[in-house]
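So the sequences go chain by chain: B and Z. Numbering-wise (this note's numbering), the first sequence opens with residue 341 and increments by one. Numbering-wise (this note's numbering), the second sequence opens with residue 341 and increments by one. Yeah, the Cβ is synthetic: ideal placement off N, Cα and C, and Gly gets one too. For reference, the structure discussed in these notes is given below.
There are 2 protein chains.
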Amino acid sequence: MKNPRNTVAKTEILKLINHSPVALSHAEIQSELNGLCDRVTIYRVLDRLISEDEIHKVVNLEGVVKYAACHSCSQEEKHVHAHNHAHFSCEKCKEITCLEDIEPSFKIPKNYQVKEMNFTLSGICPNCSE
Amino acid sequence: MKNPRNTVAKTEILKLINHSPVALSHAEIQSELNGLCDRVTIYRVLDRLISEDEIHKVVNLEGVVKYAACHSCSQEEKHVHAHNHAHFSCEKCKEITCLEDIEPSFKIPKNYQVKEMNFTLSGICPNCSE
DNA sequence: TTTTAAATTGCAATTATGTTGCATTAATTT
DNA sequence: AAATTAATGCAACATAATTGCAATTTAAAA
Chain B
341 MKNPRNTVAK TEILKLINHS PVALSHAEIQ SELNGLCDRV TIYRVLDRLI
391 SEDEIHKVVN LEGVVKYAAC HSCSQEEKHV HAHNHAHFSC EKCKEITCLE
441 DIEPSFKIPK NYQVKEMNFT LSGICPNCSE
Chain Z
341 MKNPRNTVAK TEILKLINHS PVALSHAEIQ SELNGLCDRV TIYRVLDRLI
391 SEDEIHKVVN LEGVVKYAAC HSCSQEEKHV HAHNHAHFSC EKCKEITCLE
441 DIEPSFKIPK NYQVKEMNFT LSGICPNCSE
């Protein structure tokens, strides 16, 4: 069991993600950080933030991995529902937005044990459809 | 506008995907083909098959890209609903299966134009839970 | 059947993405 | 302030995917 520490890199990366309305990729985070730390460090910080339940990972329809804070989730909820809400992936601007209030309903054969779900809708977001 | 041609590589790759009960990755396809063609060709054939609506792309929760045929979809349907069914991604065996009959319902703010959806559930598949 | 035009392929090179080992640095604990 | 150990940087490696271009193959036209 490790004892996590607060470092400049971790603080800055979390701030970036928390203040972004859309999910960010590793590359986007790196360019925002402007050389603050090594790219390997970013990967490691992201991993740590995930295991500390501060952020979560989203994969868009093209397979691009992004990272997002879950604004609507309380600290409690984070541990319970594992960020199983829906995401919207815009075809034009490529941005991923959390759709906090969408709760899809579905039925699945009971021999499947569902632990997580990824529900990503794609199309045109409000910004790009104007 | 290109005039697609049938080649050995294309035929074999489509046959592989059509006969597989689970979605296949590029690497899996390559090893099955046993040197029939270059890995670049496989990428290009897969792209072509997608644009010809013969197969579709699925991304699992870890961001691994796989390719699958849509067995339950008629040629007609392929053009209409764009393979918008659900997938199940097994944590243990890493296999992706199409859940043909699941149709999730959801409500979304109307300023979002939804064109496609990716609904991937993950957990333990029937094979691995025995 | 032979010719022709364009689609497809192979190969080499390049880019993107992610991981690992290890020595060094920095954050906590005492 | 010193000790402990988490975190970082760097180099190297691994894998996934893309691009340009010359050579090949397909399918249609002659």
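Per DSSP, Glu402 (chain B) lies in no alpha helix (DSSP H) segment and is marked neither H nor E.
For Ala426 (chain Z), the nearest CB of chain B lies under 8 Å from its own CB, placing it at the interface with that chain.
Around Val405 (chain Z), the beta-carbon contacts reaching into chain B at under 9 Å are Glu402, Gly403. The beta carbon of Ser469 (chain B) sits closer than 7 Å to no other beta carbon from its chain once the five residues preceding and following it are set aside. With a cutoff of 8 Å on beta-carbon distance, Val398 (chain Z) and His427 (chain Z) are scored as near each other.
Among the CB atoms of chain B, one or more fall inside 8 Å of the CB of Leu461 (chain Z). The closest CA to that of Glu435 (chain B), considering only B:Phe459, B:Ile448, B:Asn451, B:Gly463, is found on B:Gly463. With a contact defined as Cβ atoms closer than 8 Å, Ala408 (chain Z) and Ile395 (chain Z) qualify at about 6 Å. Nearest CB-CB separation between Ser391 (chain Z) and chain B: not below the 8 Å threshold.
Leaving aside the five residues that flank Val454 (chain Z) on each side, the residues in its chain whose CB is nearer than 8 Å to its CB run, in chain order, Ile448. Contact of Gln370 (chain B) with chain Z is not assigned, every C-beta pair being separated by 8 Å or more. Here Asn458 (chain B) is bridged, per DSSP, to Z:Thr460. With a beta-carbon spacing of about 4 Å, Pro466 (chain Z) and Asn451 (chain B) fall inside the 8 Å limit used to define contacts. A distance of 8 Å or more separates the beta carbons of Ala349 (chain Z) and Lys406 (chain Z). Sequence-distant Cβ neighbours of Leu356 (chain B) in its own chain, meaning closer than 8 Å and more than five residues away, are Leu364, Ile369, Glu372, Leu373.
Tyr452 (chain Z) carries a coil assignment under DSSP once its states are collapsed to helix, strand and coil. Taking CB atoms only, Tyr383 (chain Z) has no neighbour in chain B less than 8 Å away.
DSSP places Ala426 (chain Z) inside the beta strand (DSSP E), whose first and last residues are 426-430.
Per DSSP, reduced to three states, the secondary structure at Ser360 (chain Z) is coil, with no helix or strand assignment. Taking the Cα positions, Thr351 (chain B) is about 24 Å away from Val404 (chain B). Per DSSP, the unbroken beta strand (DSSP E) holding Leu439 (chain B) starts and ends at 436-439.
As DSSP reads the structure, Val398 (chain Z) sits in a beta bridge with Z:Lys406. Straight-line measurement puts the Cα of Leu439 (chain B) at about 30 Å from the Cα of Asn346 (chain B).
Among the CB atoms of chain Z, none fall inside 8 Å of the CB of Ile357 (chain B). Judged by their CB atoms, Met457 (chain B) and Thr437 (chain Z) are not nearer to each other than the 8 Å cut-off. Under the DSSP assignment, Ser391 (chain Z) falls in the alpha helix (DSSP H) whose first and last residues are 379-391.
DSSP places Ser445 (chain Z) within a strand segment (E or B) once states are collapsed to three.
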